[in-house]
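The structure appears below as structure tokens.
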Amino acid sequence: MKFNNNLDDFDALGNEHIGTSENTPMRRDAFKLSNEEKIDIIKDDVRHIMETLGLDLTDDSLKGTPNRVAKMFVKEIFGGLDPDKKPSASTFENKYKYGEMLVEKNITVYSTCEHHLLPIVGKAHIAYISNGTVVGLSKMNRVVDYFAKRPQVQERLTIQIVRELQDVLGTKDVACVIDAKHLCVNSRGIRDIESSTVTSEFGGKFKDMATRREFLDYIKLDTQF
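Be aware that the sequence shown starts at 25, since it is given in this note's numbering, and climbs by one per residue.
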């Protein structure tokens, strides 16, 4: 789909939730400012938005909101933009010679749609087949959390998770499926509260239909304790 350089086209791109790149779009000077400097600037911007909407920021309930939102943006929901927060790439030798698929399912996803800055909430399911290297189970959760904590489109998030684990494990045999609700669809626009979005990325052996089916069967298991 080709877009011309005008606001109507950019609105259409965002309203249709179309991503434009596999990598998160970042400026070259993205880390020129410290986190505290970013918070100060964002705080003023949030205050301006609220005042423009007609809110009374002298009210006790609202006066701290600009600062709270700014801190949340920089240190929490968009913390995955900071490369210093990237999970360490600790791996271990597969000494117990486990050669089958390892699946980590139902990993909670909290992300933010980059088109409307509204929440994306769902579950990620990850699998890999070791070629001699394994990774701690919590590392997979941390990888999901890191790439989710940035303005995202779900397709990109799925790809980024797989690419990172492929690099860490030194194998192409990694897969990821994400099933998530987008509040930009559920709470505005079409307001379809029942729909969810499923994305997948299959690498290496997971491109084989039998291996892919085994993974998909595992994530259907009803896990209750």
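Every residue, glycine too, gets a C-beta built ideally from N, C-alpha and C.
- When DSSP states are grouped into helix, strand and coil, Lys244 belongs to the coil group.
- Cβ-Cβ distances below 8 Å link Glu128 to His149, Ile150, Ala151, Leu161, Met164 and Asn165 in the same chain, with the five nearest sequence neighbours on each side left out; the list follows chain order.
- Excluding sequence positions up to five before and after Lys109, its CB lies within less than 7 Å of the CB of Gly103 and Tyr170, all in the same chain and listed in chain order.
- Take the alpha-carbon of Asp232 and the one of Tyr122: they are about 20 Å apart.
- Counting the other CB atoms within 10 Å of its CB gives Thr82 a total below 16, which places it among the exposed residues.
- For Met125, the enclosing beta strand (DSSP E) stretches over residues Met125 to Cys137.
- Between the alpha carbons of Asp106 and Ser112 lies a gap of roughly 13 Å.
- In the same chain as Lys62, and ignoring 5 residues on each side of it, the C-beta atoms closer than 6 Å to its own belong to Val98, in chain order.
- In terms of Cβ geometry, Val167 and Ile185 form a close pair [threshold 8 Å].
- For Pro143, the enclosing beta strand (DSSP E) covers residues Pro143 to Ile153.
- Ile202 carries a strand assignment under DSSP once its states are collapsed to helix, strand and coil.
- DSSP places Thr221 inside the beta strand (DSSP E), whose first and last residues are Thr221 to Phe226.
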